[in-house]
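S.K.: Residue numbers (my numbering): 3 to 283. Below is one structure. I have some questions about it.
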């Protein structure tokens with residue numbers, strides 16, 4: 003019996019080498035031989051995740067039609083205040099339709115994971131309790147990267163309004179060191195770090211993590227009920243975010259769209275697609 007067990011690795015190794023030779027040494031990846039990190043390639047909504055700090059919430063998964071061979075990255079989307087896009091995932095407003103985030107990203111080989119904030123006090127937001135929410139998001143991101151190892155080094159963060167604030171003011175200042183590449187697209191906001199002790203950004207990450215801001219030139223608070231200036235606020239505005247991350251060494255670009263306010267209906271997928279194409283890997 004012991005002798006037969008010793009023979010198994012030898013036989014398995016021979017099979018593996020044969021398969022490696024067939025695939026090619028240069029491009030062979032472990033998941034071409036094994037089943038991978040356990041991630042399913044299907045579309046599933048309202049999946050539950052609980053972080054080590056006790057926060058729990060749900061996420062959608064859009065991976066149908068992709069495989070370990072074709073999936074090249076993961077897009078995580080962080081909703082605006084109230085989570086309209088998360089609770090209406092088939093709407094062409096953001097995720098749905100042929101020009102929505104899901105279709106545009108999937109056609110380029112990206113798994114899409116919209117995430118619902120664990121905030122349950124009042125209106126659902128990402129930026130309230132931003133530091134604790136960042137721990138939740140970081141652990142979910144790490145889990146998904148482990149499940150899809152072929153896409154792990156190309157992590158994109160996409161936010162709208164409060165979700166953009168969360169990315170630039172909380173998540174990246176606290177957890178950028180866990181990323182190895184990808185990028186970020188901030189719609190209607192995305193200011194400088196706020197009320198957190200920012201950690202040093204890894205030098206190796208900066209050139210591999212382009213950041214793009216897309217905010218209406220009229221999104222200045224004068225036409226909104228809450229007075230939020232998503233463009234020019236000295237801390238919370240998109241211009242402040244661009245200045246901060248440019249100074250930190252990240253590649254940054256921006257669009258201040260003439261005539262556009264805070265509502266960006268039907269624009270999300272196209273803008274994201276443009277950035278994914280510009281930084282294709």
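Positions of the beta carbon are idealized from the N, C-alpha and C atoms, including for glycine.
For the candidate residues 146, 68 and 260, whose alpha-carbon lies nearest to that of residue 181?
M.R.: Against the chain shown, residue 181 aligns to sequence position 179. Comparing Cα-Cα distances from residue 181 to each of 146, 68 and 260, the minimum goes to 146.
S.K.: Answer yes if the segment 135–143 comes into contact with the segment 44–58, meaning at least three C-beta pairs across the two stretches below 8 Å, and no otherwise.
M.R.: yes
S.K.: Just mark residue 209 as buried or exposed, buried being the case when its beta carbon has 16 or more other beta carbons within 10 Å.
M.R.: By one-based count along the chain shown, residue 209 stands at place 207. Looking at its Cβ environment, which holds fewer than 16 other Cβ atoms inside 10 Å, residue 209 is exposed.
S.K.: Only counting runs of 4 or more residues, tell me where the alpha helix (DSSP H) segments fall wholly within the segment 233–267, in order along the chain.
M.R.: 240–250
S.K.: Apart from the five residues just before and just after residue 204, which ones in its own chain have a Cβ nearer than 6 Å to its Cβ?
M.R.: Residue 204 sits at position 202 when you count from the first residue of the chain shown. 179.
S.K.: Return yes when the Cβ of residue 261 is within less than 8 Å of the Cβ of residue 220, no when it is not.
M.R.: Locating residue 220 in the chain shown gives position 218, counting from the first residue. Locating residue 261 in the chain shown gives position 259, counting from the first residue. Their beta carbons are under 8 Å apart, which means residue 220 touches residue 261 by this criterion.
S.K.: The alpha helix (DSSP H) that contains residue 273, what's its start and end?
M.R.: For this step, residue 273 is matched to residue 271 along the chain shown. Note, residue 273: alpha helix (DSSP H), 270–280.
S.K.: State whether the segment 124–131 contacts the segment 151–160, with contact taken as three or more CB pairs (one from each stretch) at a distance under 8 Å.
M.R.: no
S.K.: Quickly, what does DSSP pair residue 214 with across the bridge? List them, please.
M.R.: On the chain shown, position 212 is the one that residue 214 refers to. Looking at the DSSP assignment, residue 214 forms a beta bridge with 187 and 255.
S.K.: Please identify the residue among 163, 100 and 62 whose C-alpha is closest to the C-alpha of residue 118.
M.R.: Locating residue 118 in the chain shown gives position 116, counting from the first residue. Checking every option, the nearest Cα to that of residue 118 belongs to 62.
S.K.: Assign residue 283 to one of three DSSP states: helix, strand, or coil.
M.R.: Reading the chain shown from its first residue, position 281 is the one you call residue 283. If DSSP states are grouped into helix, strand and coil, residue 283 belongs with coil.
S.K.: Is there contact between the segment 101–116 and the segment 165–178, where contact requires at least three CB pairs shorter than 8 Å?
M.R.: no
S.K.: Can you have a look at residue 279 and say buried or exposed, based on whether 16 or more other CB atoms are within 10 angstroms of its CB?
M.R.: Numbered from 1 along the chain shown, position 277 holds the residue referred to as residue 279. By the 10 Å Cβ count, residue 279 comes out exposed.
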